[in-house]
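Participant: Dumping the structure here so I can ask a few things about it.
Chains as they are written, first to last, in the numbering used here: chain A, 2 to 168; chain B, 5 to 107.
Below, the structure written as structure tokens:
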């Protein structure tokens with residue numbers, strides 16, 4: 002048998018557990034990038050990541066300005082944590098992030114999810130987290146395909162060329 | 005690199021099947037490249053290819069989102085026309101280089 006045979010990825014299951022703008026975006030870019038390449042993709046939102054598919058919050062995600070050591074001022078100087086705590090700063094930084102992404106043709110969350118599902122991607126919510134936050138199916142984005150237990154999620158991750166990615 | 009004879013013209017393709025000299029492109033060559041990928045082009049396909057070429061030649065980066073907003077097809081239709089990697093497949097048929105966008 003030829004051991005050098007290439008075995009391209011066939012499916013990715015991506016878990017988004019954090020609700021910062023860039024965390025949700027990273028998950029969406031990875032997931033949408035997969036369907037763009039013809040790779041089957043499933044996105045699973047849990048804990049604070051659920052904000053990314055909660056109607057009320059999905060287009061109002063923020064970048065955290067406190068507790069983010071990689072955050073810098075324009076020009077590259079360190080961004081003081083206390084500055085990040087001042088009201089309005091987080092909104093300003095978030096606006097800058099959004100502007101930067103829009104420039105690269107990265108769509109807002111709802112449109113991104115639509116692009117992803119238009120390409121055949123599937124979106125799921127975690128049952129435990131939905132119950133913990135007291136959410137219902139109605140609170141979630143309309144095209145969420147289901148609210149799953151961990152076991153059901155793993156069932157969707159079958160196939161020997163499948164990868165699970167936790168962002 | 006490989007060569008492909010299409011409608012009496014010999015064109016050069018790179019290892020992944022992208023046309024090397026984009027200026028050689030015409031509808032017949034598009035159909036020839038598409039056949040290599042097991043795709044039969046309709047007028048709708050051609051319309052998309054022409055849009056891609058115009059946009060690319062205007063210096064813009066091609067993205068699926070832009071195609072979806074082109075007014076020619078929506079994103080779902082785009083995936084249907086060019087299954088399994090629509091932007092790559094359509095760029096290939098349009099005689100354009102491999103797309104470099106992550107979105």
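Positions of the beta carbon are idealized from the N, C-alpha and C atoms, including for glycine.
Computed from a prediction, not measured in an experiment: that's the story for all the values here.
Straight-line CA distance for residue 40 of chain B to residue 151 of chain A?
Facilitator: If you take the alpha carbons of residue 40 of chain B and residue 151 of chain A, they lie about 42 Å apart.
Participant: What's the C-alpha gap between residue 26 of chain B and residue 76 of chain A?
Facilitator: Each residue's alpha carbon lies about 40 Å from the other.
Participant: Determine which residues share a DSSP beta bridge with residue 91 of chain A and list them.
Facilitator: Paired residue(s): none; residue 91 of chain A is not in a bridge.
Participant: Quick one, are the C-beta atoms of residue 51 of chain B and residue 76 of chain B less than 7 Å apart?
Facilitator: Cβ distance < 7 Å, so residue 51 of chain B and residue 76 of chain B count as in contact.
Participant: I'd like to check one pair, residue 39 of chain A with residue 102 of chain B: are the Cβ atoms closer than 7 Å?
Facilitator: No, they are not a contact pair.
Participant: With DSSP as the reference, please indicate the residues paired to residue 25 of chain A in a beta bridge.
Facilitator: According to DSSP, residue 25 of chain A bridges with nothing at all.
Participant: Taking 7 Å as the CB-CB cut-off, is residue 104 of chain B touching chain A?
Facilitator: For residue 104 of chain B, the answer is no, since every Cβ of chain A falls outside 7 Å of its Cβ.
Participant: Whole angstroms are fine: how far does the CA of residue 18 of chain A sit from the CA of residue 168 of chain A?
Facilitator: In a straight line, the C-alpha of residue 168 of chain A is about 7 Å away from that of residue 18 of chain A.
Participant: Is residue 16 of chain A closer than 7 Å to residue 31 of chain A when the C-beta atoms are compared?
Facilitator: No, Cβ-Cβ distance for residue 31 of chain A and residue 16 of chain A is not below 7 Å.
Participant: Quick check on the burial criterion: 16 or more other C-beta atoms within 10 angstroms. Buried or exposed for residue 96 of chain B?
Facilitator: It is buried - the Cβ of residue 96 of chain B has at least 16 other Cβ atoms within 10 Å.
Participant: Would you kindly check if the distance between the Cβ of residue 146 of chain A and the Cβ of residue 123 of chain A is under 7 Å?
Facilitator: Cβ atoms of residue 123 of chain A and residue 146 of chain A: closer than 7 Å.
Participant: Give me, in chain order, the residues of the same chain whose beta-carbon lies closer than 7 Å to that of residue 164 of chain A; leave out the 5 immediate sequence neighbours on both sides.
Facilitator: Correct list, in chain order: 10 and 13.
Participant: Going by C-alpha to C-alpha distance, which of A:93, A:55, A:156 and A:84 sits closest to residue 131 of chain A?
Facilitator: Per the Cα distances, A:55.
Participant: Check this for me: beta carbons of residue 65 of chain A and residue 21 of chain A, under 7 Å apart or not?
Facilitator: Result yes, Cβ atoms of residue 65 of chain A and residue 21 of chain A sit closer than 7 Å.
Participant: Check whether chain B comes within 7 Å of residue 23 of chain A, counting only Cβ atoms and requiring the distance to be less than that.
Facilitator: Residue 23 of chain A does not count as touching chain B.
Participant: Would the beta-carbon of residue 107 of chain A fall within 7 Å of that of residue 107 of chain B?
Facilitator: Contact flag set, yes.
Participant: For a contact meaning CB atoms closer than 8 Å, what does residue 10 of chain B contact in chain A?
Facilitator: The contacting residues do not exist; residue 10 of chain B stays about 25 Å from chain A at best.
Participant: Could you give the C-beta distance for residue 22 of chain B and residue 121 of chain A, rounded to a whole number, given that I count them as a contact under 8 Å?
Facilitator: Between residue 121 of chain A and residue 22 of chain B the Cβ distance is about 24 Å, and since that is not below 8 Å, they are no contact.
Participant: So, with DSSP's three-state summary, where would you put residue 42 of chain A?
Facilitator: Correct three-state label for residue 42 of chain A: strand.
Participant: Does DSSP classify residue 55 of chain B as helix, strand or coil?
Facilitator: Helix at residue 55 of chain B.
Participant: From A:48, A:157, A:98 and A:112, pick the residue whose C-alpha is nearest to that of residue 79 of chain B; which is it?
Facilitator: Nearest option by C-alpha distance: A:112.
Participant: In chain A, which residues lie with their C-beta within 8 Å of the C-beta of residue 43 of chain B?
Facilitator: Under the 8 Å cutoff, chain A gives no residues; its nearest Cβ is about 13 Å from residue 43 of chain B.
Participant: In chain order, what residues of the same chain lie with their CB nearer than 8 Å to the CB of residue 64 of chain B, ignoring the 5 residues before and after it?
Facilitator: So the qualifying residues of the chain are 70.
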